[in-house]
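Reading the sequence shown from the start, the letters are residues 1 to 484 in UniProt numbering. C-beta atoms are modelled at their ideal positions from N, C-alpha and C, and glycine is treated no differently. Encoded as structure tokens, the structure appears first; notes follow it.
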Amino acid sequence: MAQETLSGWVRKLQAREISSRELTQLYLDRIERLDPQLNSFITVTAEQALAQADAADARLAKGEKTPLLGVPVAQKDIFCTEGVRTSCGSRMLDPFVSPYNATVVERMNAAGAVMLGKTNMDEFAMGSSNETSFYGPVRNPWDTERVPGGSSGGSAAAVGARLVPGATGTDTGGSIRQPAAFCGITGLKPTYGRVSRYGMIAFASSLDQGGPMAATAEDCGRMLNAMAGFDERDSTSVERPEEDFTAGLEQDLKGLHIGLPTEFFGEAGLDERVRGVIDAAIEVLKGRGAEVREVGLPNSHLSVPAYYVVAPAECSSNLARFDGVRYGYRCENPEDLMDLYTRSRGEGFGDEVKRRIMVGTYVLSAGYYDAYYLKAQKVRRIIADDFRRAFEDVDVLLAPTTPELPFALGAKADPVSMYLSDIYTIAANLAGLPAMSLPAGEIDGLPVGLQLIGNYFDEARLLGVAHQYQQETDWHARVPAAFA
Numbered sequence: 001m002a003q004e005t006l007s008g009w010v011r012k013l014q015a016r017e018i019s020s021r022e023l024t025q026l027y028l029d030r031i032e033r034l035d036p037q038l039n040s041f042i043t044v045t046a047e048q049a050l051a052q053a054d055a056a057d058a059r060l061a062k063g064e065k066t067p068l069l070g071v072p073v074a075q076k077d078i079f080c081t082e083g084v085r086t087s088c089g090s091r092m093l094d095p096f097v098s099p100y101n102a103t104v105v106e107r108m109n110a111a112g113a114v115m116l117g118k119t120n121m122d123e124f125a126m127g128s129s130n131e132t133s134f135y136g137p138v139r140n141p142w143d144t145e146r147v148p149g150g151s152s153g154g155s156a157a158a159v160g161a162r163l164v165p166g167a168t169g170t171d172t173g174g175s176i177r178q179p180a181a182f183c184g185i186t187g188l189k190p191t192y193g194r195v196s197r198y199g200m201i202a203f204a205s206s207l208d209q210g211g212p213m214a215a216t217a218e219d220c221g222r223m224l225n226a227m228a229g230f231d232e233r234d235s236t237s238v239e240r241p242e243e244d245f246t247a248g249l250e251q252d253l254k255g256l257h258i259g260l261p262t263e264f265f266g267e268a269g270l271d272e273r274v275r276g277v278i279d280a281a282i283e284v285l286k287g288r289g290a291e292v293r294e295v296g297l298p299n300s301h302l303s304v305p306a307y308y309v310v311a312p313a314e315c316s317s318n319l320a321r322f323d324g325v326r327y328g329y330r331c332e333n334p335e336d337l338m339d340l341y342t343r344s345r346g347e348g349f350g351d352e353v354k355r356r357i358m359v360g361t362y363v364l365s366a367g368y369y370d371a372y373y374l375k376a377q378k379v380r381r382i383i384a385d386d387f388r389r390a391f392e393d394v395d396v397l398l399a400p401t402t403p404e405l406p407f408a409l410g411a412k413a414d415p416v417s418m419y420l421s422d423i424y425t426i427a428a429n430l431a432g433l434p435a436m437s438l439p440a441g442e443i444d445g446l447p448v449g450l451q452l453i454g455n456y457f458d459e460a461r462l463l464g465v466a467h468q469y470q471q472e473t474d475w476h477a478r479v480p481a482a483f484a
């Protein structure tokens with residue numbers, strides 16, 4: 001039963017074929033039995049979940065219909081949740097219990113979702129493997145000796161193992177799409193500003209964006225219906241007409257123009273076997289009526305260096321608030337204020353977070369701001385212009401999500417090699433574009449992700465293309481044998 005999709009559960013709940021309490025208990029039992037193999041959850045909120053399920057059953061009995069009424073979900077532990085620990089995967093926030101809900105949590109609660117708990121993540125969303133968490137690494141459900149990707153690896157692993165039908169993630173440089181690819185699920189990074197960042201603990205404010213992670217494009221559309229919307233509490237939130245992201249799923253692909261960025265298929269460390277899976281996916285889409293042509297993104301090779309100036313700079317600024325004074329971790333018996341700051345931050349942050357704070361502080365310092373940060377922002381504009389020109393000729397861009405298969409735990413001790421894991425995903429964040437990953441095949445029993453990138457606020461089209469692909473294939477329906 002746990003292999004049912006989120007959308008399938010919505011239909012069964014509305015038909016009264018199962019109660020929300022029964023469904024919630026089913027998933028709580030799976031988490032208790034199976035999550036020790038994965039470490040995908042930091043906190044499980046069983047008592048709260050059952051209370052929410054009972055409330056959802058009462059609403060269902062009255063004939064109410066909302067996007068997620070009665071469906072269990074999980075929240076990435078970067079979203080503030082009232083009365084529940086919100087740790088961001090860090091010792092710094094391990095004792096922090098949020099006094100309020102993030103807008104995403106508020107909206108999903110209003111849509112009737114049942115929160116099973118908070119998922120594990122790279123510390124402060126900094127990482128591509130979910131190995132930097134204070135609570136230990138998350139493991140990939142397809143091979144528990146491999147990483148699930150990051151930073152939303154806990155959400156991806158939980159959905160991939162069907163411990164929950166849907167979960168939230170955040171994407172700063174690929175942190176929804178890369179783990180979705182590694183765990184064989186569908187994940188969507190919306191247009192920057194589409195989903196409120198209020199109550200989402202900031203890493204890099206001009207790049208962070210929350211989004212859905214689930215088995216299928218239809219599931220992600222349903223979740224986005226609940227998550228998206230203008231929020232006056234978020235100065236970067238964009239006011240747009242209300243939209244049903246599942247309305248166009250059945251539209252065929254005849255006349256759709258898909259662009260293949262030549263730079264993403266060139267010499268960027270792309271595994272030839274991954275290239276073969278992507279080529280096969282292209283043929284499926286062509287069979288559904290899509291037209292394919294090559295396009296150029298000539299400055300995409302600058303994405304990684306530009307990102308690793310902009311993101312650390314913003315993280316350095318955002319994480320200055322964690323000082324051991326107001327909330328979070330505080331060192332024992334500080335001698336004076338400087339000792340309090342130094343030891344609280346030194347003991348509370350992990351190595352990767354410290355590394356990025358130091359880089360960010362350096363590029364923002366006097367004498368280096370123009371040489372690094374300002375130049376990176378100019379490069380960011382050039383990258384966005386490349387996308388703008390590409391979308392004058394095509395409707396959607398298609399590329400691999402990652403250049404390689406999920407790698408072994410501990411295999412990438414060198415930070416630079418880890419950063420290159422996001423070589424195909426970062427550009428969309430720098431430009432603020434919507435992008436998603438969906439399962440497209442397997443190699444040696446490990447999933448491969450196909451990435452789709454759309455024009456601004458074109459999530460519905462992306463979801464439609466993905467849904468049409470998933471009508472022709474069953475990669476999204478496959479579950480790791482150990483969790484079937």
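When SER316, TYR373 and MET436 are compared against LYS353, the one with the closest alpha-carbon: What sits at residue 353 in the sequence shown is Val, not Lys. Of the candidates SER316, TYR373 and MET436, the one whose C-alpha sits nearest the C-alpha of VAL353 is SER316.
Contact the stretch 171-187 vs the stretch 146-161: 3+ CB pairs below 8 Å: Counting Cβ pairs under 8 Å, three or more are found: they touch.
Secondary structure of PHE203, DSSP reduced to three states: PHE203 carries a coil assignment under DSSP once its states are collapsed to helix, strand and coil.
Test item: CB-CB of SER98 and THR81 under 7 Å: In contact: SER98 and THR81 (Cβ atoms closer than 7 Å).
C-alpha gap between residue 502 and SER237, whole angstroms: Lying outside 1 to 484, the shown extent of the chain, residue 502 is not represented and no answer is given.
Assigned secondary structure, MET115 (DSSP; H/G/I helix, E/B strand, else coil): Correct three-state label for MET115: strand.
Run of the beta strand (DSSP E) containing ALA440, from where it starts to where it stops: According to the DSSP assignment, ALA440 belongs to the beta strand (DSSP E) that extends over 435-443.
Distance, GLU131 Cα to ARG381 Cα: When only Cα atoms are considered, ARG381 and GLU131 end up about 32 Å apart.
Three-way DSSP call (helix, strand, coil) for LYS412 in this model: Note: LYS412 maps to coil in three-state DSSP.
Span of the beta strand (DSSP E), counted from its first residue to its last, around HIS467: No beta strand (DSSP E) holds HIS467; the alpha helix (DSSP H) holding it covers 459-472.
Alpha-carbon spacing of PHE407 relative to GLN209, whole angstroms: Distance between the alpha carbons of PHE407 and GLN209 is about 25 Å.
Of the residues ILE18, GLY441 and LYS65, the one placed nearest ALA280, counting alpha carbons only: Checking every option, the nearest Cα to that of ALA280 belongs to GLY441.
Residue nearest to ASP395 in terms of C-alpha spacing, selected from ALA413, ASP422 and LEU463: Closest by alpha carbon: LEU463.
Sub-7 Å separation of THR168 and LYS76 beta-carbons: Contact annotation: THR168 and LYS76 have beta-carbon atoms nearer than 7 Å.
Rounded distance between the beta-carbons of THR24 and GLN117, thought under 8 Å: According to the sequence displayed, residue 117 carries Gly and not Gln. Rounded, the Cβ-Cβ distance is 11 Å, inconsistent with contact.
First and last residue of the uninterrupted alpha helix (DSSP H) at PRO165: Counting along the chain, PRO165 sits inside no alpha helix (DSSP H), nor does DSSP assign it H or E at all.
DSSP three-state assignment for ALA53, whether helix, strand or coil: Helix at ALA53.
Whole-angstrom C-beta distance between ARG139 and LEU38, which should lie under 8 Å: Yes, LEU38 and ARG139 are in contact; Cβ-Cβ is about 5 Å, under 8 Å.
Beta-bridge pairing of GLN451 - partner residues as DSSP gives them: According to DSSP, GLN451 bridges with ALA399 and SER437.
Strand pairing of PRO261, partner residues [DSSP]: According to DSSP, residue pairing for PRO261 in a beta bridge involves VAL295.
Chain-order list of residues whose beta-carbon lies under 8 Å from that of ARG275 (same chain, five-residue window excluded): Sequence-distant partners of ARG275 (beyond 5 residues in either direction) whose C-beta falls short of 8 Å from its own C-beta, in its chain, are PHE265 and PRO400.
Separation of GLU294 from residue 518, as counted between CA atoms: Summary: the structure shown does not reach residue 518, with the chain confined to residues 1 through 484, and so no result is reported for it.
Cβ distance (whole Å) where GLY184 is taken to contact TRP142 below 8 Å: Yes, they are in contact, since the Cβ atoms of GLY184 and TRP142 sit about 6 Å apart, within 8 Å.
Rounded straight-line distance, which links the Cα of ASP234 to that of SER421: Looking at the two C-alpha atoms, the distance is approximately 30 Å.
Cβ contact check for the stretch 426-433 and the stretch 327-338: 3 or more pairs under 8 Å: No, the stretch 426-433 does not touch the stretch 327-338.
LEU26 to ALA2 span [Cα, whole Å]: C-alpha separation (whole angstroms): 8 Å.
Span of the alpha helix (DSSP H), counted from its first residue to its last, around LEU364: Counting along the chain, the alpha helix (DSSP H) containing LEU364 begins and ends at 351-364.
Rounded separation between ARG59 and LEU224 - CA only: It is roughly 21 Å from the alpha-carbon of ARG59 to the alpha-carbon of LEU224.
Between the CA atoms of GLN470 and LEU364 - distance to the nearest angstrom: Whole-angstrom Cα-Cα distance: 45 Å.
Neighbourhood of CYS88 by C-beta, 8 Å cutoff - its chain only, sequence neighbours within 5 removed: Excluding sequence positions up to five before and after CYS88, its CB lies within less than 8 Å of the CB of ASP77, ILE78, MET121, GLU123, PHE124, ALA125 and ILE201, all in the same chain and listed in chain order.
Pick from GLY8, SER128, ALA51 and GLY255 that is closest to GLY287, judged by C-alpha positions: If you compare the alpha carbons of GLY8, SER128, ALA51 and GLY255 with that of GLY287, the shortest gap goes to GLY255.
Distance CB(ILE42)-CB(TYR135) smaller than 7 Å: In contact: ILE42 and TYR135 (Cβ atoms closer than 7 Å).
7 Å CB neighbourhood of PRO305 in its chain, flanking five on each side removed: Nothing listed; no residue qualifies.
Proximity of ARG164 and ALA74 at Cβ, strictly below 7 Å: At residue 164 the sequence reads Val, which differs from the Arg that was named. With a cutoff of 7 Å on beta-carbon distance, VAL164 and ALA74 are scored as near each other.
MET121, DSSP secondary structure in three states: Three-state result, MET121: coil.
Under the three-state DSSP convention, the category VAL274 falls into: Three-state DSSP puts VAL274 in a helix.
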